Amino acid sequence: MSVPANPPASLEAHEQTCRLPVLYLLGSGLIWLLVGLAFSALASLKLHAPECLPFAWASLGRLQAVASNILLLGAASQTGLGVALWLLVHLGKTELVSWGSAIIGTVVWNLALTAGIPALLLGGSTGIPGLELPPSLGVLVLLGYLLVAGNGVAAIMGCRRGGYAPAQWFILGALLWFAWLYTTALVTAVYFPSRGIFAAISAGWFNQGVLWLWLTPLALASLYHFIPELTGKPVRSPELAPVAFWSLALFGGWTATVGLVGGPIPAWLVSVGVVAGVLLLIPVLLASVNLYVGAVGSSPAVRFAKLAVGSFTLGGIVSAVTSLRCANAVLHFTQFEVAVRELLQLGFVSAALFAGIYALVPRLTGRKLPHCGLVKAHWALTVLGLLIGVGAYAIGGWKQGWGLADAKVDLLSVNAVLKPWLRLHTVGLAVFLLGQLTFTANVVLLLVGFALPVGRTLVTEVVTGTAPATAAK
Amino acid sequence: MNYGPLLFFGVLATLAASWLGLVAVPRHQLAPLDADLSTNSANSVVTYPPARSGQAVQGHAIYVAHGCVACHTQQVRAAKDGSDLARGWGRRRTVARDYLRDSPAQLGASRLGPDLANYGERLGTNAFNLVRLYNPRMAVTNSICEGVPFLFEQRPVGLTGPSPEALILPPDGGVEIIPSAAARQLAAYLTSLSSGGELPEAPLPAKEEGNR
């Protein structure tokens, strides 16, 4: 793997084809992140303040469904795909075959998600965990996705570079896996549900698959590319990377039933899920070795990359341990499980993609993010929000688990112990959201900057006191 | 890793394997599952799980639409997997057959509230108390359970006195609370929740095992 000493400041000629679709995907991904987090924070609030917003549309279950669907299908998926498209074009020294189709795909996708919010708030949920979006909208999301992802797969097939980089393996896997996962989930769980619990099993296959075979490989692709590029050092022990990739591919899909341990499903299914859940330690540890950054570099992109790697290692180990039956018996059904999911989705995936975004924004727009302080605030609030939010659910959920495990402790006392931690979690999410708002503010400043002459930013204008005059031009 | 076709093939083959194992095979295994028919002491055929009343079926849809699953599970685990039996949330663990009449089954993943798989049995012969749906805090102080007050109508008490269907609450300045049809359906569904029938694959555990 060759490592350029200084990352280029702008796009290379062949990369121009991907500028618009990538910017559009990253932009709408960011908006969905804000929307999803806002719903998440509201849902978190309702857990300890059930009296507020006593309306049908604000039922906790509905808010949670909006939050999880938007954060997954909007924020993480679109941002990840945006970073992925650029990586494929860049690494493959190729063009997008049809950037127009990628834009149309994203438009369809966004319309479906936009319609999904009122649909879910009005009670249109399918009632299947992770797949609450009304099926017709789910199909539109899938269509939009296929239009975008088709460009990605074509860019891999048209790769003009001898051989594939790790980022390309992970992205190819992710693109094909998500198409299959979502199609299967829509068909088996939503369109042709059989009676009883089968839908829960196939939804489990989708939900676990989406975490380990969609979000994880996208985030890892971003890290495998940007960490060496930004630190100027190749990944450590590169010979482990293929093993990390193939072990993730092998075990990721088999963890479907880790959320159903002890549940009313055939016993062999649970055993398979537990074994796969533990074996996932292999890709987690190998990729962590590859990506361990050490003390080098303190650019915003590197900081987010470090956060992502740390969260991945920690979250991966904890989720492997908690899939063991003995741990599961205590922690299943508690907020601890939510903490692990948030750590992986916000601490790992989202941070890994932000590492990519910080590295990409100057190249895509030809300008730097204008405000240094906002970058620092984004970083600090992100870390603080995660510490508070994930920490609160981890501690509170731990206590809740041991309380629930002891039949002599009644549920109301368990909840009384949990309540302060529920409150703290809301605070954590709000702080995290604030962090993402500071990033958004920076992007807005950058966009406003386009109205100003090159070389000057709104901030310099404001500082030098010439802003009103220039802006009026 | 530099040979494209191999990469494509490997990527598809790995997922295909788990798809076969965790989607296709379970579907095949669970599809033939049907209600259990047995004869009771009076020599008539009993079906388990029993069908739900039309009201209860509509109530299931309301339960789904409001996402009560956010805090309530409907699954009882065996004694080795948790304290469910000891808490009296069921007489035996639940098995696949218990869910035949639910589409989709509301297994749930959070226990901020108690498991409801056998809630109907806990109620026994007592009629379901709609007050808990109107405002859980009136039933259990400090409950974080979510009510559905929007499924109730607030109206002034008529000249002939409180109407028979009004909730029985401390008098409140001539206002009475009337449950809508939807609230009654939800109540009927909650009353119908029971997964305790004896099945060949889920015998009731011996007394000392379940502590109840």
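The listed protein sequences derive, respectively, from chains C and H. If you read the first sequence in our numbering, its first letter stands for residue 1, the second for the next number, and so on. If you read the second sequence in our numbering, its first letter stands for residue 1001, the second for the next number, and so on. All residues carry an ideal CB built from backbone N, CA and C; glycine is no exception. Since the model is a prediction, treat every value here as computed from it, not as a measurement.
For the 8 Å Cβ check, are there 3 or more pairs between the segment 144-161 of chain C and the segment 96-110 of chain C?
-> yes
Using only the heavy atoms of the ligand SAH, determine whether one of them is closer than 7 Å to the beta carbon of C/G100.
-> What this structure holds is no ligand at all, so the ligand SAH is not there to describe.
Given that a residue counts as buried once 16 or more other Cβ atoms are within 10 Å of its Cβ, and exposed if not, what is H/N1118?
-> To locate residue 1118 of chain H, count along the second sequence from 1; it is residue 118. Result: buried.
Flag H/N1126 as yes if its beta-carbon sits less than 8 Å from any beta-carbon of chain C, otherwise no.
-> Counted from its first residue, the second sequence places residue 1126 of chain H at position 126. Cβ-Cβ to chain C under 8 Å: no for H/N1126.
State the CB to CB distance for the pair C/A155 and C/T106, rounded to an integer number of angstroms; the pair is presumed to be in contact (CB under 8 Å).
-> The residue you call residue 155 of chain C lines up with position 155 of the first sequence. The residue you call residue 106 of chain C lines up with position 106 of the first sequence. So it is not a contact: roughly 16 Å between Cβ atoms.
Going by alpha carbons, who is nearest to C/G262 out of C/V274, C/W254, C/G253, C/F251?
-> If you number the first sequence from 1, residue 262 of chain C lands on position 262. It is C/V274.
Between which two residues does the alpha helix (DSSP H) carrying C/T79 extend?
-> Residue numbering aside, residue 79 of chain C sits at position 79 when the first sequence is read from its first letter. Looking at the DSSP string, the run of the alpha helix (DSSP H) that includes C/T79 is 77-91.
Considering only C-alpha positions, which residue in the set C/F450, C/V190, C/L131 is nearest to C/A65?
-> Position 65 of the first sequence holds residue 65 of chain C. Answer by Cα proximity: C/L131.
Which term fits C/K473, buried or exposed, when burial requires 16 or more other beta carbons within 10 angstroms of its beta carbon?
-> Numbered from 1 along the first sequence, position 473 holds the residue referred to as residue 473 of chain C. For C/K473, the pLDDT reaches just 34, beneath the cut-off of 50, and the residue's location in the model is therefore unreliable, although a value from the coordinates is still provided. Classification for C/K473: exposed.
Under 8 Å between C-beta atoms, does C/A170 make it to chain H?
-> Translated into positions along the first sequence, residue 170 of chain C becomes position 170. Note that residue 170 of chain C corresponds to Phe in the displayed sequence, not to Ala. Cβ-Cβ to chain H under 8 Å: no for C/F170.
Kindly indicate which three-state DSSP category H/S1053 falls into: helix, strand or coil?
-> Position 53 of the second sequence, counted from the first residue, corresponds to residue 1053 of chain H. Coil.
Flag H/G1197 as yes if its beta-carbon sits less than 8 Å from any beta-carbon of chain C, otherwise no.
-> Taking the second sequence and counting its residues from 1, one reaches residue 1197 of chain H at position 197. No, its Cβ sits nowhere closer than 8 Å to a Cβ of chain C.
Proximal residues to H/L1193 (C-beta, below 6 Å), its chain only, five neighbours per side dropped | By one-based count along the second sequence, residue 1193 of chain H stands at place 193. Excluding positions up to five away in sequence, the list reads L1116, Y1119, G1120.
Any idea what DSSP makes of H/S1083, helix, strand or coil?
-> The count along the second sequence starts at 1 and reaches residue 1083 of chain H at position 83. In the structure shown, H/S1083 sits in coil (DSSP, three-state: anything other than H, G, I, E or B).
Of all Cβ atoms in chain C, is any one closer than 8 Å to the Cβ of H/P1200?
-> In the second sequence, the residue the question calls residue 1200 of chain H occupies position 200. Not an interface residue.
Grouping DSSP H, G and I as helix and E and B as strand, with all else coil, what is C/F170?
-> As a working note, residue 170 of chain C is residue 170 in the first sequence. It is helical.
Using the Cα positions of C/L20 and H/A1051, report the straight-line distance between them to the nearest angstrom.
-> Locating residue 20 of chain C in the first sequence gives position 20, where the first residue counts as 1. Locating residue 1051 of chain H in the second sequence gives position 51, where the first residue counts as 1. About 56 Å.
Which first and last residues belong to the beta strand (DSSP E) in which H/V1046 is found?
-> Locating residue 1046 of chain H in the second sequence gives position 46, where the first residue counts as 1. From DSSP, the beta strand (DSSP E) with H/V1046 extends over 1045-1048.
Can the beta-carbon of C/A72 be found closer than 8 Å to that of C/V187?
-> Within the first sequence, the letter at position 72 stands for residue 72 of chain C. Within the first sequence, the letter at position 187 stands for residue 187 of chain C. For the sequence presented, residue 72 of chain C should be read as Leu rather than Ala. Not closer than 8 Å, so no.
Residues that H/P1179 bridges to, as DSSP identifies them | Sequence index remark: in the second sequence, residue 1179 of chain H carries index 179 (1-based). Partner(s): H/F1152.
What in chain C is Cβ-close to H/H1066, meaning under 8 Å?
-> Here residue 1066 of chain H corresponds to residue number 66 of the second sequence, with the count starting at 1. The answer, in chain order, is A56, S59, G61, R62, G123.
Under three-state DSSP, which class holds C/T382?
-> Within the first sequence, residue 382 of chain C is the residue found at index 382, counting from 1. Correct three-state label for C/T382: helix.
Whole-angstrom Cβ separation of H/R1093 and H/A1078, contact assumed at under 8 Å?
-> As a first step, residue 1093 of chain H is located in the second sequence; it is residue number 93 there, counting from the start. As a first step, residue 1078 of chain H is located in the second sequence; it is residue number 78 there, counting from the start. H/R1093 to H/A1078, Cβ: 4 Å. Contact.
Check whether the Cβ atoms of H/L1022 and C/A256 sit closer than 8 Å, and answer yes or no.
-> Residue numbering aside, residue 1022 of chain H sits at position 22 when the second sequence is read from its first letter. Residue numbering aside, residue 256 of chain C sits at position 256 when the first sequence is read from its first letter. Yes. Within cutoff.
Using three-state DSSP, classify C/L369 as helix, strand or coil.
-> As a working note, residue 369 of chain C is residue 369 in the first sequence. In this structure, C/L369 counts as coil in the three-state DSSP scheme.
Grouping DSSP H, G and I as helix and E and B as strand, with all else coil, what is H/A1202?
-> Counting from one through the second sequence, the residue named residue 1202 of chain H turns up at place 202. Correct three-state label for H/A1202: strand.
Rank C/Y182, C/L223, C/I104 by C-alpha distance to the C-alpha of C/I171 and give the top, closest one.
-> The residue given as residue 171 of chain C occupies position 171 in the first sequence. If we check each option's Cα against that of C/I171, C/L223 comes out closest.
Is the beta carbon of H/L1112 sitting closer than 8 Å to the one on H/C1071?
-> Reading the second sequence from its first residue, position 112 is the one you call residue 1112 of chain H. Reading the second sequence from its first residue, position 71 is the one you call residue 1071 of chain H. Yes, the pair counts as a contact, with Cβ atoms nearer than the cut-off.
Can you tell me which of the three DSSP states H/Y1194 falls into?
-> In the second sequence, residue 1194 of chain H corresponds to position 194, counting from 1. Here the sequence assigns Ser to residue 1194 of chain H, which means Tyr is not the residue at that position. The answer is coil: DSSP assigns H/S1194 none of H, G, I, E or B.
Quick one: Cα of H/Q1266 to Cα of H/T1191, how far?
-> Since the first and last residues shown for chain H are 1001 and 1212, residue 1266 of chain H lies out of range.
Any chain H beta carbon closer than 8 Å to C/V390 | The residue labelled residue 390 of chain C in the question sits at position 390 within the first sequence. Chain H contact via Cβ: absent.
List the residues of chain H that C/N69 touches, going by C-beta distances under 7 Å, in chain order.
-> Residue mapping note: residue 69 of chain C aligns to position 69 of the first sequence, counting from 1. Within 7 Å Cβ-Cβ: nothing; C/N69 doesn't reach chain H, min ~12 Å.
Among residues of its own chain, excluding the 5 on either side of C/A359, which ones have a beta-carbon nearer than 8 Å to its beta-carbon?
-> Residue mapping note: residue 359 of chain C aligns to position 359 of the first sequence, counting from 1. So the list reads P7, F226, E229, L230, A301, once near-sequence residues are dropped.
Can H/D1102 and H/H1060 be called in contact, C-beta distance under 8 Å?
-> As a first step, residue 1102 of chain H must be located in the second sequence, where it is residue number 102. As a first step, residue 1060 of chain H must be located in the second sequence, where it is residue number 60. For H/D1102 and H/H1060, yes; Cβs fall inside 8 Å.
Kindly indicate which residue of C/P370, C/L331, C/G144, C/G123 has the alpha-carbon position closest to the one of C/G406.
-> Here residue 406 of chain C corresponds to residue number 406 of the first sequence, with the count starting at 1. The question names Gly, yet the displayed sequence has Asp at residue 406 of chain C. When each option's Cα is compared against that of C/D406, the closest is C/L331.
Tell me H/S1038's beta-bridge partners as DSSP assigns them.
-> On the second sequence, position 38 is the one that residue 1038 of chain H refers to. Answer is H/V1046, bridged to H/S1038.
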